[in-house]
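Participant: The structure that follows is given in the form of structure tokens.
As structure tokens, this is what we get:
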């Protein structure tokens, strides 16, 4: 029962069991239909729809779409043949005895009627308009479902973690700026002119301090902030389910996280089989061209570096040559292969080489004439192709070439309709490098130190057991004790065993080019805490927006966030970011000059 001052029931609670009874409902007029002296309206609330029948023309006349109304009436069965099997309340209707208009509505900038949910999405306006009127966009049933799903996920995760002995602990929103791989958002401290707070990129250091504090199992749905260059599916503020455990290793954390994931997916009606498979970072890159591989389909990359080691073709005289099979691709028109070139160039590549195995066995395509007779003769077998297939190639630096082929692999699967949103292919990616090159042109992370190396994850990641003694002697090949959870080609989350020994931490910081003085200035509070007995600890964080988007089958994380930002971090709804007044600016101390104080 949902009785309040304005209703006795929600819409979908009006069932056949209530036939003959009087109910009071409140909600929005979803749509109205007139049939010769009888009007029908669909009343919508956050549970769904119920049909209301109005025999009084004077009662029906003032009602318009999106008016907020209260209806008092009697429940009856719909006449034979008028049932609506697509509606939860499709067997009944409410005959209105009285209707009160609680609030009128102007004409909407776009329609939010439930009827639109069965029509093509191009009926909706552009995203800029949707975000400007987000409160209207959220009335749409699909958006309501997404918000409910996210709420159910949170309940399920909390319940699973509390059953495993975790405690929910909040950490501060305003902290000291620390290097974590992205730019900080900073806030001027009015009471300490010239000084600044930073908004946390994550609760990383604070949750490690909780481990030192004796909180052995911590979690939090944490708000995080990163001032990164905007991408289509990136937000300047986001949420992560943050989890940390003391006296555990990698296996303990992964087992815990799997239970949480099972609970989250079960809350949406899906069963996940455990244990989740694993793949090493190197295998993921070599086979799928991504450290977050989509395993809903096969078609792995094919390395051909050795095959073309003596090639006369200058383009393939490269450190790495790889290929991906385009099944049935020989029938592709030339103009579509040209479009693939444009697609590759949009991704920063020079193009996308290809050959075609014609139905008569002949090898065709721009690359074919550049290959030796021996290479042409053995290529079909080398790539596992059949007549009627095509093959795309990439050559160059191993990582960039593999990433291009990995993107081709996913694009081919998408065009073939293989990416079903309600199929969920999970994998753990393990054995990541400890460091990465700081000058990688394809990486927009901010280097955390001042050397040629930066952290693959963050500076507090423990080297793997095999590298504890030698990671600083060979940073290029050193491996870490870290792990990512991946679903459908998306990194859902990641974590690591943390460094709890100050001697190892000092050596990692030295590789990163962070001096003891800088370390003391940036995160000396953590290093100081570790002097007083830090337990071995490890953790993981799930990107909550991304996880919700995967589970909802949403194309963008913006569709599972109530009030997201648009491109460039702009908020079309409120107009943020916006200038502040001269008086506000003066109060903040942004323009504080310590030399003026000395004068």
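Numbering (full-length UniProt numbering), first residue to last: 1 to 599. Glycine included, C-beta positions come from ideal geometry on N, C-alpha and C. Remember, predicted model here, so these are calculated numbers, not experimental data.
1. Looking at C-alpha atoms only, which residue of 494, 60, 399 is the closest neighbour of residue 547?
2. Whole-angstrom Cβ separation of residue 12 and residue 89, contact assumed at under 8 Å?
3. Taking 7 Å as the limit between beta carbons, can you name the residues of its chain near residue 327, skipping five residues before and five after?
4. Given the structure, does residue 418 come close to the ligand SAM, in the sense that its CB is under 7 Å from one of the ligand's heavy atoms?
5. Taking 8 Å as the limit between beta carbons, can you name the residues of its chain near residue 483, skipping five residues before and five after?
6. Below 8 Å CB to CB, which residues in the same chain sit around residue 196 once its five sequence neighbours on both sides are set aside?
7. Would residue 471 pass as a contact of residue 205 if the rule is Cβ separation under 8 Å?
8. Please give me, in chain order, every unbroken run of the alpha helix (DSSP H) with length at least 4 that falls completely inside the stretch 111-192.
9. Assign residue 427 to one of three DSSP states: helix, strand, or coil.
10. Rounded to the nearest angstrom, what separates residue 492 and residue 562 at their Cα positions?
11. Is the stretch 62-82 touching the stretch 100-108, taking contact as three or more C-beta pairs under 8 Å?
12. Opposite residue 490 in the DSSP bridges: which residues?
13. Under 8 Å between the Cβ atoms of residue 173 and residue 200?
14. Helix, strand or coil for residue 282 per DSSP?
15. Going by C-alpha distance, which of 39, 43, 295 is nearest residue 406?
16. Just reading off the alpha helix (DSSP H) that residue 529 is part of, what are its end residues?
17. Quick one, which of 45, 262, 25, 283 has its alpha-carbon nearest residue 273's?
18. Taking 8 Å as the cut-off, does the stretch 286-300 touch the stretch 409-419 (at least 3 CB pairs, one atom from each stretch)?
19. Which one of 54, 6, 75, 53 has the shortest CA to CA distance from residue 21?
20. Please report the Cβ distance between residue 10 and residue 42, rounded to the nearest whole angstrom; I am assuming they are in contact, meaning their Cβ atoms lie under 8 Å.
21. Indicate whether residue 307 and residue 395 have their beta-carbon atoms separated by less than 8 Å.
22. Which first and last residues belong to the beta strand (DSSP E) in which residue 377 is found?
23. Please list, in chain order, all residues of the same chain as residue 370 whose beta carbon is under 6 Å from its beta carbon, the five residues on each side excluded.
24. Measuring CA to CA, which of 340, 342, 359 is closest to residue 331?
25. Run through the stretch 204-270 for me and flag every whole beta strand (DSSP E) of 3 or more residues, listed as ranges in chain order.
26. So, at 6 Å on beta carbons, what are the nonlocal neighbours of residue 290 in its own chain, with the 5 sequence-adjacent residues on each side left out?
27. For residue 198, write down the residues that DSSP places opposite it in a beta bridge.
28. If we count the other Cβ atoms within 10 Å of its Cβ and call it buried at 16 or more, is residue 450 buried or exposed?
29. In the DSSP assignment, what are the bridge partners of residue 28?
30. Within its chain, find whatever has a CB closer than 6 Å to the CB of residue 99; leave out the 5 residues flanking it on each side and keep chain order.
31. Under 8 Å, with one C-beta from each stretch per pair, do the stretch 217-225 and the stretch 234-248 reach the 3-pair mark?
32. Hey, how far is the Cα of residue 48 from the Cα of residue 143?
33. According to DSSP, which residues form a beta bridge with residue 51?
34. Would you tell me roughly how many angstroms separate the C-alpha atoms of residue 34 and residue 53, rounded to the nearest one?
35. When you compare each of 595, 552, 565 to residue 146 by their alpha carbons, which one comes out closest?
36. Is it a yes or a no for the stretch 124-141 touching the stretch 162-169, going by three-plus beta-carbon pairs under 8 Å?
Facilitator: With the given structure in hand:
1. On the chain shown, position 547 is the one that residue 547 refers to. The option with the nearest alpha carbon to residue 547 is 494.
2. Taking the first residue of the chain shown as position 1, residue 12 is located at position 12. Taking the first residue of the chain shown as position 1, residue 89 is located at position 89. Yes, they are in contact, since the Cβ atoms of residue 12 and residue 89 sit about 6 Å apart, within 8 Å.
3. In the chain shown, counting from the first residue as 1, residue 327 sits at position 327. Cβ contact annotation for residue 327 (same chain, cutoff 7 Å, sequence separation greater than five): 389, in chain order.
4. Absent from the structure shown: the ligand SAM. Ligands present: none.
5. The sequence position of residue 483 within the chain shown is 483, counting from 1. Exclusion of the five residues before and after residue 483 leaves 250, 253, 254, 428, 429, 430, 432, 494, 495, 496, 540 as the residues of its chain whose Cβ lies within less than 8 Å of its Cβ.
6. Position 196 of the chain shown, counting from 1, holds the residue named residue 196. Closer than 8 Å at the Cβ level, and outside the excluded window around residue 196, lie 177, 186, 187, 188, 189.
7. Residue mapping note: residue 471 aligns to position 471 of the chain shown, counting from 1. Residue mapping note: residue 205 aligns to position 205 of the chain shown, counting from 1. Cβ distance not < 8 Å, so residue 471 and residue 205 don't count as in contact.
8. 127-132, 134-137, 141-163
9. Mapped onto the chain shown, residue 427 falls at position 427. Strand, per DSSP.
10. Here residue 492 corresponds to residue number 492 of the chain shown, with the count starting at 1. Here residue 562 corresponds to residue number 562 of the chain shown, with the count starting at 1. Going from the Cα of residue 492 to the Cα of residue 562 covers about 19 Å.
11. yes
12. Looking up residue 490 in the chain shown gives position 490. The partner list for residue 490 (beta bridge, DSSP) reads 487.
13. For the purposes of this step, residue 173 is taken as the residue at position 173 of the chain shown. For the purposes of this step, residue 200 is taken as the residue at position 200 of the chain shown. Between residue 173 and residue 200, the CB-CB gap stays under 8 Å.
14. Residue 282 sits at position 282 when you count from the first residue of the chain shown. The answer is helix: DSSP assigns residue 282 an H, G or I state.
15. Taking the first residue of the chain shown as position 1, residue 406 is located at position 406. The candidate whose alpha carbon is nearest that of residue 406 is 295.
16. Residue mapping note: residue 529 aligns to position 529 of the chain shown, counting from 1. Per DSSP, residue 529 belongs to the alpha helix (DSSP H) from 516-529.
17. To locate residue 273, count along the chain shown from 1; it is residue 273. Selected option, being the one with the closest Cα: 262.
18. yes
19. As a first step, residue 21 must be located in the chain shown, where it is residue number 21. The residue with the shortest Cα to Cα distance from residue 21 is 75.
20. Taking the chain shown and counting its residues from 1, the one referred to as residue 10 is at position 10. Taking the chain shown and counting its residues from 1, the one referred to as residue 42 is at position 42. At roughly 14 Å, the Cβ-Cβ gap does not stay under 8 Å, so residue 10 and residue 42 are not in contact.
21. The count along the chain shown starts at 1 and reaches residue 307 at position 307. The count along the chain shown starts at 1 and reaches residue 395 at position 395. Residue 307 places its beta carbon 8 Å or farther from that of residue 395.
22. Position 377 of the chain shown holds residue 377. Unbroken run through residue 377 is the alpha helix (DSSP H), 373-383; no beta strand (DSSP E).
23. Numbered from 1 along the chain shown, position 370 holds the residue referred to as residue 370. Excluding residues within five positions, the ones whose Cβ falls inside 6 Å are 313.
24. Reading the chain shown from its first residue, position 331 is the one you call residue 331. Residue 331 has its Cα closest to that of 359, out of 340, 342, 359.
25. 217-225, 237-246
26. Here residue 290 refers to the residue found at position 290 when the chain shown is read from its first residue. Only 406 meet the Cβ criterion.
27. By one-based count along the chain shown, residue 198 stands at place 198. Under DSSP, residue 198 takes part in a beta bridge, and its partners are 175, 186.
28. Translated into the one-based positions of the chain shown, residue 450 becomes position 450. Result: exposed.
29. Along the chain shown, one-based indexing puts residue 28 at 28. Answer is 44, 68, bridged to residue 28.
30. As a first step, residue 99 is located in the chain shown; it is residue number 99 there, counting from the start. Here the set comprises 59, 69, 71.
31. yes
32. By one-based count along the chain shown, residue 48 stands at place 48. By one-based count along the chain shown, residue 143 stands at place 143. Approximately 12 Å between the Cα atoms of the pair.
33. One-based indexing of the chain shown puts residue 51 at position 51. DSSP, once it has assigned bridges, lists 42 as partnering residue 51.
34. Position 34 of the chain shown, counted from the first residue, corresponds to residue 34. Position 53 of the chain shown, counted from the first residue, corresponds to residue 53. Answer to the nearest angstrom: the Cα atoms are 10 Å apart.
35. Position 146 of the chain shown, counting from 1, holds the residue named residue 146. The shortest C-alpha separation from residue 146 is found at 552.
36. no
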